[in-house]
Amino acid sequence: MSLVQLNQLRTFMSKLSSTFAKKTDVESALSAKENKLTFDTVPKSGSTNPVTSDGVYNAVTHLAGMLVEEKGSGTMEPVDIQDVVMSDTQPTEACSVWIEPKD
1 MSLVQLNQLR TFMSKLSSTF AKKTDVESAL SAKENKLTFD TVPKSGSTNP VTSDGVYNAV
61 THLAGMLVEE KGSGTMEPVD IQDVVMSDTQ PTEACSVWIE PKD
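Here the sequence shown stands for residues 1 to 103, where the numbers follow UniProt numbering.
Set out below in structure tokens:
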């Protein structure tokens with residue numbers, strides 16, 4: 001380690017100042033941070049919130065699926081592809097989906 005000579009002090013201080021964050025910059029960044037995060041339990045379009053790991057897991061495991069509407073409900077629900085049955089008779093299994101042509 002060498003000593004800084006007086007004629008090099010200005011250059012040294014300039015380099016030192018640009019290398020480290022100023023206290024006011026750190027305080028400003030800390031005051032602007034979010035104190036508490038709001039998490040989404042499922043991925044939502046346009047949301048900037050983080051998603052819980054369970055929400056990500058469930059979304060990924062349902063990628064091989066489709067959205068279906070319960071007749072007349074207007075609500076779309078995800079259904080796994082393996083639970084979809086295409087038939088000309090109504091299903092009797094509890095985890096099957098009846099698909100009808102839209103009028």
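Glycine included, each C-beta is placed from N, C-alpha and C at the ideal position.
Residues that DSSP places opposite Met13 in a beta bridge: One-based indexing of the sequence shown puts residue 13 at position 13. Bridge partners of Met13 according to DSSP: none are assigned.
Rounded straight-line distance, which links the Cα of Asn35 to that of Ala21: Counting from 1 along the sequence shown, the entry for residue 21 is found at position 21. Counting from 1 along the sequence shown, the entry for residue 35 is found at position 35. In a straight line, the C-alpha of Ala21 is about 22 angstroms away from that of Asn35.
Sequence-distant residues of its chain with Cβ nearer than 6 angstroms to Pro43 (five each side left out): Taking the first residue of the sequence shown as position 1, residue 43 is located at position 43. Leaving aside the five residues that flank Pro43 on each side, the residues in its chain whose CB is nearer than 6 angstroms to its CB run, in chain order, Val51, Ala59.
Segment limits, alpha helix (DSSP H) that includes Asn58: One-based indexing of the sequence shown puts residue 58 at position 58. It spans 53-61 - the alpha helix (DSSP H) in which Asn58 sits, taken as one unbroken run.
Where the alpha helix (DSSP H) through Lys23 begins and ends: Position 23 of the sequence shown holds residue 23. For Lys23, the enclosing alpha helix (DSSP H) covers residues 23-32.
Heavy atom of the ligand ADP within 8 angstroms of Val56 beta-carbon: Summarising the ligand content, the structure contains no ligands, and the ligand ADP is consequently not present.
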